[in-house]
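In my numbering, the protein residues as written are 480 to 931. Worksheet for the structure shown next.
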């Protein structure tokens with residue numbers, strides 16, 4: 480991101496900002512500002528959409544993969560559900576948060592170019608760094624002036640109006656991109672041209688032959704330092720499912736990488752040491768230790784007493800069983816859940832107005848079994864596409880793309896993430912980015928043009 484904007488004055492003075500460069504810069508702005516301000520990110524999406532529609536009127540060129548089409552179809556189902564919702568005004572309001580399912584595929588699919596996202600990973604990492612620094616500075620100042628600890632997970636995330644789980648997902652995605660960059664830099668042969676934004680987030684778990692020796696210097700030092708800072712802040716946020724899934728995925732990816740040039744026993748030993756160190760750091764942070772203790776105590780208590788999430792899911796299953804094939808509609812899901820909580824005497828879910836806390840259940844409640852089918856098709860087509868690309872290139876797959884998908888799938892099991900704009904913008908932006916850029920090798924077959 481920094482590199483892109485440092486070169487911008489020279490490009491302007493030389494009159495060389497092409498439509499592709501403008502698109503790349505606007506995508507970088509959206510990704511960079513997303514962790515800091517969702518309204519400004521929405522403004523960036525609007526500006527880029529106007530730019531892309533104008534360019535499409537001139538070029539008549541577009542490229543939409545099966546995953547992007549599934550995303551658009553999912554939005555269409557949400558839009559249709561507005562008309563059979565009883566509270567259609569609230570349904571229209573809820574539909575506003577779903578527009579990214581339509582807009583982000585359009586941004587990346589219209590006027591497709593494989594290098595449009597070359598600044599996006601670096602911009603997103605920079606934005607997350609600024610978000611962490613802002614939150615930490617605010618926490619230090621508030622703790623100093625009030626005498627109250629503001630490093631609590633809810634207070635830290637509240638500075639930028641984040642949910643702790645969503646903030647953790649942003650940071651894990653930034654870590655995956657940084658690890659990906661480190662892996663690329665260790666591959667032989669490498670060059671500045673081969674490690675650009677288009678390939679930056681699409682490296683592979685391959686047989687790493689001819690690896691460069693590790694040098695903790697100018698190239699690797701900042702990336703490792705950023706990874707450690709992001710991991711520390713994730714521990715402060717204490718989002719349990721995000722921590723569990725993120726650390727497991729990160730551990731598996733690092734283990735697979737270590738295993739390529741170490742023995743399995745040495746790789747497992749190194750991973751075990753890192754795990755012990757991470758748990759020690761987590762246990763030393765009071766808020767994180769408290770959250771882990773609550774989790775462990777909750778598991779023990781659940782043998783005799785009910786858990787809030789089990790109550791929520793029980794009510795959701797009941798509603799799905801009693802509801803129509805097309806669901807309750809986007810505007811009526813909340814009222815249906817509240818009625819069921821009251822009927823089943825589920826006090827906390829009722830008083831806190833909890834949603835389904837599971838994206839698959841939430842989608843089924845809103846747009847029925849067709850919606851669930853399309854939502855599952857979104858991921859099926861995504862995995863199918865990256866596997867086909869891997870087979871074509873005789874490699875084992877896009878590592879960062881896999882990590883992104885598994886991270887979201889794991890957290891969809893315990894949170895209705897796509898009911899908030901902060902999570903939906905993150906999901907659709909990176910989903911569209913991965914499943915447009917990773918088709919670079921077959922772009923001549925995928926791109927179609929319509930003569931005016």
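Where a beta carbon is used, it is the ideal one built from N, C-alpha and C, also for glycine.
Proximity of residue i and residue j at Cβ, strictly below 8 Å
i	j	result
residue 611	residue 654	no
residue 559	residue 810	no
residue 630	residue 715	yes
residue 858	residue 883	no
residue 896	residue 889	no
residue 550	residue 580	yes
residue 713	residue 756	no
residue 596	residue 912	yes
residue 839	residue 906	no
residue 725	residue 615	no
residue 878	residue 732	yes
residue 643	residue 718	yes
residue 528	residue 620	no
residue 454	residue 598	There is no way to answer for residue 454, as the model of the chain reaches only from 480 to 931.
residue 735	residue 702	no
residue 498	residue 534	yes
residue 594	residue 904	no
residue 639	residue 515	yes
residue 574	residue 853	no
residue 730	residue 747	no
Distance, residue j Cα to residue i Cα
i	j	result
residue 656	residue 572	34 Å
residue 546	residue 899	21 Å
residue 802	residue 786	24 Å
residue 568	residue 798	22 Å
residue 824	residue 513	39 Å
residue 645	residue 523	20 Å
residue 537	residue 636	43 Å
residue 449	residue 503	Outside the shown range of the chain, which is 480 to 931, sits residue 449, and nothing can be said about it.
residue 557	residue 626	47 Å
residue 914	residue 843	25 Å
residue 750	residue 609	29 Å
residue 699	residue 532	40 Å
residue 496	residue 845	44 Å
residue 647	residue 863	27 Å
residue 893	residue 510	26 Å
residue 554	residue 539	23 Å
residue 820	residue 833	9 Å
residue 861	residue 582	18 Å
residue 851	residue 508	33 Å
residue 806	residue 841	10 Å
residue 663	residue 727	21 Å
residue 818	residue 791	12 Å
residue 738	residue 804	48 Å
residue 869	residue 613	40 Å
residue 505	residue 800	45 Å
residue 795	residue 721	22 Å
residue 601	residue 501	16 Å
residue 548	residue 628	47 Å
Residue i, buried or exposed, once every other Cβ within 10 Å from all chains shown has been counted against 16
i	result
residue 604	buried
residue 867	exposed
residue 704	exposed
residue 743	exposed
residue 591	buried
residue 836	buried
residue 826	exposed
residue 607	buried
residue 816	buried
residue 588	buried
residue 577	buried
residue 759	exposed
residue 633	exposed
residue 525	exposed
residue 710	buried
The ligand GTP heavy atom lying under 7 Å from the CB of residue i
i	result
residue 542	This structure lacks the ligand GTP, and indeed carries no ligand of any kind.
Give, in chain order, every unbroken run of the alpha helix (DSSP H) that is at least 4 residues long and sits entirely within the segment 565 to 609. Qualifying alpha helix (DSSP H) stretches, in chain order: 567 to 577, 579 to 588.
Quick check for students: name the residue ranges of the alpha helix (DSSP H) that lie wholly in the segment 837 to 894, counting only runs of 4 or more. Runs found: 838 to 871, 878 to 891.
Any beta strand (DSSP E) of 3 or more consecutive residues that is wholly inside the segment 511 to 563: Segments of the beta strand (DSSP E) lying fully in the segment 511 to 563: there are none.
Report the start-end ranges of each alpha helix (DSSP H) in the segment 711 to 757 that is 4 residues or longer and not cut off at the edges. The DSSP assignment places 719 to 737 as complete runs of the alpha helix (DSSP H) inside the segment 711 to 757, in order along the chain (cut-off: 4 residues).
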